[in-house]
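A short write-up of the structure that comes next.
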Amino acid sequence: MGVITTEDCHVLVIGSGGAGIRAALEAAQYGETILIGKTIAGKGGCTVMAEGGYNAVLREADTIVGHLEDTLKGGAYLNDRTLAEVLVNEAPERMADLVRMGAVFDAEESCMIAQRPFGGQRFPRTCYAGDRTGHEIVMTLLERLRASDVVIRNEITALELATDGGRVCGAITSTRDGGIGAIAADAVVLATGGAGQIYDITTNSTAGTGDGYALGYRAWAELIDMEMVQFHPTGAVHPYDARGRLITEAVRGEGGILKNVHGERFMSRYDPERMELSTRDVVARSIATEVLEGRGTERGGVWLDVTHLPPEEIETRLPSMLEQYLAFGVDIRKEPMEIAPTAHHMMGGLRITPECKTTVPGLFACGEVAGGVHGANRLGGNALAETQVFGRRAGEAAGRSEKQKKRIDPEQFEAVEEKIARFGAGEMKPSECVAMMKRAMWDGAGIYRTAAALTTTRETILDLAASPLAASSGPEILDAWTAQNMLLVAGMILDGALMRQESRGAHVRSDCAVRWSVEDSPYGHTRISPSYRGIDLPGRIA
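The numbering used here runs 10 ahead of the 1-based position in the sequence shown.
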């Protein structure tokens with residue numbers, strides 16, 4: 011091994027999804043910007059897969075205050091209020107940016123952008139492009155990206171953040187064939203997305219392995235609320251290789267009804283006022299309860315039914331869902347969909363300021379890798395808005411960073427190479443390690459949690475982390491490195507879940523009696539302190 015490529019820039023953006031592309035576009039106005047991603051720009055990540063929509067207050071009948079209140083209530087008041095205020099205040103203008111860039115959203119006869127109802131919101135404020143909203147946004151951003159001065163480096167993985175004097179000054183990288191390189195930068199933006207792939211069943215792309223959380227942690231950044239993992243209520247159950255594939259909330263927004271195996275519309279038992287348009291945490295728990303109590307299908311799901319809607323409405327407003335299920339041999343115009351909860355979104359992440367600064371100088375974060383915006387539960391439609399609001403803020407703040415005398419310490423290369431060399435001594439394949447971790451996390455740290463199950467799962471994760479991995483070729487080395495990132499993040503989730511001895515939002519401790527409402531709960535943010543190293547890390551609650 012050895013350094014085969016070195017580059018220098020003003021801003022390095024790691025992650026080429028919706029937030030990363032927007033950050034790179036903004037940063038490029040201030041100096042040379044390099045955008046790297048372990049996939050191809052616009053092809054990986056979750057933004058391009060997002061189906062439902064983008065929340066923004068666009069009607070006089072709606073209000074910014076209402077959007078804020080819905081976001082805070084939906085987040086069980088664990089949100090960083092300042093970040094939530096930034097989101098709701100700037101989402102309309104960022105939507106206008108997309109339209110000016112050429113994005114095409116569904117519109118009403120009045121030429122106003124059409125908006126549909128989503129769970130936990132008092133007003134239909136979710137803008138959409140059929141059920142391919144994220145794809146429309148990313149394709150629009152990509153056109154701008156290709157016309158910009160941003161240098162794009164596809165299929166480049168950030169192994170470690172480089173630091174100098176306590177400041178992040180770039181990254182040590184690897185190509186798919188194992189070539190090690192470095193990119194020095196005055197500022198680095200992490201926009202690496204979430205970590206759904208830590209769970210056995212997930213909506214996330216294969217890139218959703220939590221690398222940014224691990225990168226930030228090893229650079230001594232502070233993370234918050236890592237136990238807050240959102241399980242989307244509606245993921246595909248069948249066929250087996252499609253398990254967890256997202257069934258957009260737009261299906262329920264357009265009038266879809268949830269029924270158990272007996273044909274009962276069961277949400278009346280759990281939230282009779284909002285029914286299927288309750289918040290995601292409530293709907294996911296309701297479905298899980300129906301299945302656990304024996305009212306689910308043979309495959310462990312329930313039914314999501316739109317057969318009462320006019321066929322032309324399904325064809326127009328839910329084209330992806332129709333196409334997807336036709337490929338499965340199911341015509342949703344005539345038959346219900348079999349669905350169950352699936353790991354979907356991380357509400358926790360790196361602690362940031364409104365300018366997207368982390369707790370480490372020179373390091374910024376935006377999108378799902380950052381925590382605090384959504385609290386204990388994210389409202390559907392707020393994530394796409396977050397990518398544009400905070401992507402813009404992160405890119406601009408990083409771009410305004412002062413020029414630094416950049417130096418990447420050779421010892422950091424040596425540490426990376428030593429870690430890679432240790433992979434050759436292992437016997438367990440990275441794929442075997444990841445499969446065991448995913449199953450353990452699904453069984454022990456899912457929708458319903460107990461201290462006993464979390465502790466057992468934690469021991470499994472620690473055992474896996476202590477097991478040397480077998481890797482020799484470039485792709486195997488990257489897989490092993492990613493597996494260790496995933497184990498580190500799994501440990502953070504478990505530690506946060508053990509620390510938070512209450513049920514709140516997406517985090518349900520069935521062994522804890524809750525004696526307070528979320529408004530007066532003694533538990534604030536759980537923090538993974540950068541003062542501790544490795545997976546066996548204590549935390550604190552602030």
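Even glycine gets a Cβ: it sits at the ideal position worked out from N, Cα and C.
Which of the three DSSP states, helix, strand or coil, is assigned to residue i?
{"i": "Met1", "result": "The question about residue 1 has no answer here: the residues shown for the chain are numbered 11 through 552."}
{"i": "Thr185", "result": "strand"}
{"i": "Arg518", "result": "It should be noted that the sequence gives Val, not Arg, for residue 518. Three-state DSSP puts Val518 in a strand."}
{"i": "Val148", "result": "helix"}
{"i": "Ile471", "result": "helix"}
{"i": "Leu389", "result": "coil"}
{"i": "Met285", "result": "helix"}
{"i": "Gly12", "result": "Its pLDDT being 45, under 50, Gly12 is placed unreliably in this model, and the coordinates cannot settle the point."}
{"i": "Gln207", "result": "helix"}
{"i": "Tyr458", "result": "strand"}
{"i": "Leu547", "result": "Reliability fails at Leu547, whose pLDDT of 37 lies under 50, so the model's placement of it is uncertain and the value that follows must be treated cautiously. Three-state DSSP puts Leu547 in coil, outside helix and strand."}
{"i": "Phe133", "result": "coil"}
{"i": "Ala552", "result": "A caution first: Ala552 carries a pLDDT of 43, below 50, which makes its placement in the model too unreliable to give a value."}
{"i": "Gln414", "result": "coil"}
{"i": "Val178", "result": "strand"}
{"i": "Met438", "result": "strand"}
{"i": "Val96", "result": "helix"}
{"i": "Gly381", "result": "strand"}
{"i": "Tyr542", "result": "Caution is warranted here: a pLDDT of 45 is assigned to Tyr542, below 50, making its placement in the model unreliable, and the coordinate value is therefore given only provisionally. The answer is coil: DSSP assigns Tyr542 none of H, G, I, E or B."}
{"i": "Ala117", "result": "strand"}
{"i": "Val340", "result": "coil"}
{"i": "Thr368", "result": "coil"}
{"i": "Arg126", "result": "strand"}
{"i": "Arg163", "result": "strand"}
In terms of alpha-carbon separation, which member of the options lies closest to residue i?
{"i": "Leu287", "options": "Gly391, Gly47, Gly218 and Ala195", "result": "Gly391"}
{"i": "Asn65", "options": "Gln398, Leu504 and Ile418", "result": "Gln398"}
{"i": "Phe241", "options": "His517, Glu348, Ser411 and Asp235", "result": "His517"}
{"i": "Arg1", "options": "Ala481, Ala475 and Lys415", "result": "This structure leaves residue 1 out entirely; the chain is present only between 11 and 552."}
{"i": "Gly501", "options": "Ala462, Met451 and Ser477", "result": "Met451"}
{"i": "Val379", "options": "Gly218, Met111 and Gly140", "result": "Gly218"}
{"i": "Cys366", "options": "Ala201, Glu412 and Val316", "result": "Ala201"}
{"i": "Ala395", "options": "Thr49, Lys48 and Thr57", "result": "Thr57"}
{"i": "Pro321", "options": "Met111, Glu345 and Val198", "result": "Glu345"}
{"i": "His248", "options": "Ile46, Ala350 and Leu155", "result": "Ala350"}
{"i": "Ile430", "options": "Met447, Phe374 and Leu488", "result": "Leu488"}
{"i": "Ser26", "options": "Thr352, Ile166, Glu42 and Ala51", "result": "Ala51"}
{"i": "Gly265", "options": "Thr317, Asn495, Gln422 and Ala493", "result": "Thr317"}
{"i": "Glu61", "options": "Ile257, Arg417, Thr363 and Val528", "result": "Ile257"}
{"i": "Leu151", "options": "Gly129, Ala33 and Glu103", "result": "Ala33"}
{"i": "Leu169", "options": "Glu427, Gly176, Val383 and Ala298", "result": "Glu427"}
{"i": "His77", "options": "Met59, Leu88 and Ala101", "result": "Ala101"}
{"i": "Leu22", "options": "Lys53, Val178 and Thr92", "result": "Val178"}
{"i": "Trp313", "options": "Val109, Leu332, Lys415 and Asn270", "result": "Asn270"}
Cutting at 8 Å between CB atoms, please list the residues of its own chain near residue i, excluding the five before and the five after it.
{"i": "Ser513", "result": "Arg519, Ser520, Cys522 and Val524"}
{"i": "Ile551", "result": "Bear in mind that a pLDDT of 44 at Ile551, under 50, signals an unreliable position, so the model cannot answer this."}
{"i": "Ala117", "result": "Ile123 and Ala124"}
{"i": "Arg156", "result": "none"}
With respect to the beta strand (DSSP E) encompassing residue i, which residues constitute its N-terminal and C-terminal limits?
{"i": "Pro243", "result": "Val239 to Ala246"}
{"i": "Ile503", "result": "Counting along the chain, Ile503 falls outside any beta strand (DSSP E), though it belongs to the alpha helix (DSSP H) covering Gly484 to Met509."}
{"i": "Glu170", "result": "Ile166 to Asp174"}
{"i": "Gly359", "result": "Gly359 to Arg361"}
{"i": "Ile261", "result": "Note on residue identity: the sequence assigns Val, not Ile, to residue 261. Val261 -> not in any beta strand (DSSP E); alpha helix (DSSP H) instead, spanning Ala260 to Gly263."}
{"i": "Asp196", "result": "Ile190 to Leu200"}
{"i": "Ile538", "result": "Thr536 to Ile538"}
{"i": "Ala375", "result": "Leu373 to Ala375"}
{"i": "Lys269", "result": "Ile267 to Lys269"}
Check for me: the alpha helix (DSSP H) holding residue i runs from which residue to which?
{"i": "Glu348", "result": "Premise fails: Glu348 lies in the beta strand (DSSP E), Met347 to Met356, not in any alpha helix (DSSP H)."}
{"i": "Gly222", "result": "Asp221 to Arg228"}
{"i": "Ala425", "result": "Pro420 to Phe433"}
If I measure Cβ to Cβ from residue i and keep anything under 7 Å in the same chain, skipping five residues before and after, which residues do I get?
{"i": "Ile545", "result": "Only weak support is given to the placement of Ile545: the predicted model assigns it a pLDDT of 39, under 50, and the value that follows is read from those uncertain coordinates. If we look at Ile545 and ignore the five residues flanking it on each side, its Cβ neighbours are Ile471, Leu472, Ala475, Leu497, Leu498 and Gly501."}
{"i": "Lys439", "result": "Ala480"}
{"i": "Arg309", "result": "Val247, His248 and Glu348"}
{"i": "Asn99", "result": "Ile74"}
Beta-carbon within less than 6 Å of residue i's beta-carbon, same chain only, minus the 5 sequence neighbours each way: which residues are those?
{"i": "Asp187", "result": "Gly484"}
{"i": "Gly112", "result": "Thr150"}
{"i": "Phe115", "result": "Ile123, Cys137 and Ala139"}
{"i": "Arg104", "result": "Gln398 and Val399"}
Residue ranges of each alpha helix (DSSP H) within the segment 289-333, 4 or longer: 290-302 and 321-327
Length at least 4, wholly inside the segment 17-93: the alpha helix (DSSP H) runs in chain order: 28-37 and 74-84
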